[in-house]
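S.K.:
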Amino acid sequence: MKSEIAHLNKQVDKLKVKVKSYEKILVELKQRSDIQDTLNEILNISLMPISMNEQMEKILLIILSIDWLSLEEKGCVFLTDNTGHGLKMVAHHNLEESLLSLCDHIQFGQCLCGIAAQEQNLIFRDCIDKDHHIMPTGMNPHGHYNMPIISNGKTLGVLNLYVKHGHNSSNLEQNFLKSCSKAMASIIERKKIEEKLHKLSYLDELTGIPNRRQFMNYLDDVIKDAEKYQRIFSVLFIDLDKFKVVNDTCGHECGDKLLIEVSQRIQLSLRDTDVVARLGGDEFVVILEVVPTAEKAIEIANLLIQEISKPYSIDDHTPVIGASIGVSMFPEHDSHAEGILRKADKALYDAKENRGMAVIYSK
């Protein structure tokens, strides 16, 4: 009888071991399932029509919500700035005001986040150490996961997460955060491409000022405001004189640089309320949004001609150009976007018959 009981006890012990083993397997399967679900959720954020900063905010909250990660409910996301050597905080959760100020912008190599960005390696610390260069007064003991976000060998940003003081890091946690980093890199690259395409669709690629599409959208808005508040505004159609000669004699590269400088001169000559766009070639157009009379519009147009006609120095060339400008008024000459632009173009045709002039539209 005793031997049978002993045998049964051994069988029970074996079953307990198997149960524990199965429980461990179930936990691992659950974690793997959670990891895949989380990564899918992160990748789905890339489809949302929101800004990159908002995307990073949502991703941070998703990661912080995972129970088995044993994270503190606080953290932030940095993205690499335009210099390529600094980090700008773009998303955060539950960080103290002092940290938001001190860590708003840091350099590569500065503090744990900057070191992770510079070395392009995950950095884990279970406590505050000598590499914590930024330590505001009253900082509580804690540890960190600092995960660089990398694409094609380039640091795009850093994911900064908090853990309790003395936390034991695991391969599962590190591998998961590396997977999150790859997903975030994909989202950042995609968003950058979207933003570049959006910019190219509304801005002139050479000069960086609005293109025709953006100009017409803005003109529609100006017309609506002018109708609502019974305002007068003017459109100036600018064509450069002798630009083709410069292009032919000095080369297209010189011509492109000249167009860039012309666009800059026009912008510097205008008021904050005015808008300049490049329609193509050597044609520019300006909206004088606040102009009381046609005489004032002509006065501004003549000032632009004087500014554009001043000497240029481009590489080894000193090109000489001028400008002719056609002027139309809203609502006197037309009340529709295409119409008022067409009237300014008609006035430009008259102005070019006598180069270096500004001419108001007349029927």
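Quick note on my numbering: the sequence shown kicks off at 161 and runs consecutively.
Quick reminder that beta carbons are idealized off the backbone N, C-alpha and C, glycines included.
#1: Going by CA-CA distance only, name the one from 248, 231, 417 and 194 that's closest to residue 216.
#2: Where does residue 210 land, buried or exposed, given buried means 16+ other C-beta within 10 angstroms?
#3: Is residue 338 closer than 8 Å to residue 282 when the C-beta atoms are compared?
#4: What number of angstroms, rounded off, separates the C-alpha of residue 378 from the C-alpha of residue 359?
#5: Do you know offhand how far residue 196's Cα is from residue 319's?
#6: Label residue 326 either buried or exposed according to how many other C-beta atoms from any shown protein chain fall within 10 Å of its C-beta, with 16 as the threshold for buried.
#7: What's the call for residue 365, buried or exposed, on a 16-neighbour Cβ count within 10 Å?
#8: Hey, out of 315, 298 and 301, whose CA is closest to residue 273's CA?
#9: Nearest to residue 309 by CA position, among 297, 276 and 427, is which residue?
#10: Can you give the beta carbon distance from residue 429 to residue 467, rounded, assuming they're within the 8 Å contact cut?
#11: Taking one C-beta from the segment 454-469 and one from the segment 387-400 each time, how about it: are there three or more such pairs within less than 8 Å?
#12: Name the residue from 257, 253 and 444 whose alpha carbon lies nearest to the alpha carbon of residue 505.
#13: Would residue 436 and residue 450 be called neighbours here (beta carbons separated by less than 8 Å)?
#14: Pairing CB atoms from the segment 402-414 with CB atoms from the segment 381-390, are three or more of them under 8 Å?
#15: Can you list, in chain order, the residues of its chain with a C-beta nearer than 7 Å to that of residue 472? Leave out the 5 residues immediately preceding and following it.
#16: Would you check if the distance between the CB atom of residue 438 and the CB atom of residue 371 is smaller than 8 Å?
#17: Helix, strand or coil for residue 482 per DSSP?
#18: At which residues does the beta strand (DSSP E) containing residue 378 begin and terminate?
M.R.: According to the data block:
#1: As a position in the sequence shown, residue 216 is number 56, starting the count at 1. Answer by Cα proximity: 248.
#2: Against the sequence shown, residue 210 aligns to sequence position 50. That one is exposed.
#3: Sequence index remark: in the sequence shown, residue 282 carries index 122 (1-based). Sequence index remark: in the sequence shown, residue 338 carries index 178 (1-based). Yes. Within cutoff.
#4: What you label residue 378 is simply residue 218 of the sequence shown in a count that begins at 1. What you label residue 359 is simply residue 199 of the sequence shown in a count that begins at 1. Rounded to the nearest angstrom, the two C-alpha atoms are 15 Å apart.
#5: By 1-based counting over the sequence shown, the position of residue 196 is 36. By 1-based counting over the sequence shown, the position of residue 319 is 159. Residue 196 and residue 319: Cα-Cα distance of roughly 19 Å.
#6: Position 166 of the sequence shown, counted from the first residue, corresponds to residue 326. Burial call: exposed.
#7: As a working note, residue 365 is residue 205 in the sequence shown. Per the 10 Å Cβ criterion, exposed.
#8: Within the sequence shown, numbered from 1, the residue matching residue 273 stands at position 113. Out of 315, 298 and 301, 315 has the C-alpha closest to the C-alpha of residue 273.
#9: Indexing the sequence shown from 1 puts residue 309 at position 149. Of 297, 276 and 427, the residue nearest in Cα terms is 276.
#10: Residue mapping note: residue 429 aligns to position 269 of the sequence shown, counting from 1. Residue mapping note: residue 467 aligns to position 307 of the sequence shown, counting from 1. Contact holds; Cβ gap of about 5 Å.
#11: yes
#12: Translated into positions along the sequence shown, residue 505 becomes position 345. Of 257, 253 and 444, the residue nearest in Cα terms is 444.
#13: The count along the sequence shown starts at 1 and reaches residue 436 at position 276. The count along the sequence shown starts at 1 and reaches residue 450 at position 290. No, the pair does not count as a contact, with Cβ atoms beyond the cut-off.
#14: no
#15: In the sequence shown, the residue the question calls residue 472 occupies position 312. Counting only Cβ-Cβ distances below 7 Å, and skipping sequence neighbours, we find 418, 421, 478 and 479.
#16: Counting from 1 along the sequence shown, the entry for residue 438 is found at position 278. Counting from 1 along the sequence shown, the entry for residue 371 is found at position 211. Closer than 8 Å, so yes.
#17: Position 322 of the sequence shown holds residue 482. Of the three classes helix, strand and coil, the one that applies to residue 482 here is strand, per DSSP.
#18: Within the sequence shown, the letter at position 218 stands for residue 378. Not the beta strand (DSSP E): residue 378 falls in the alpha helix (DSSP H), residues 372-389.
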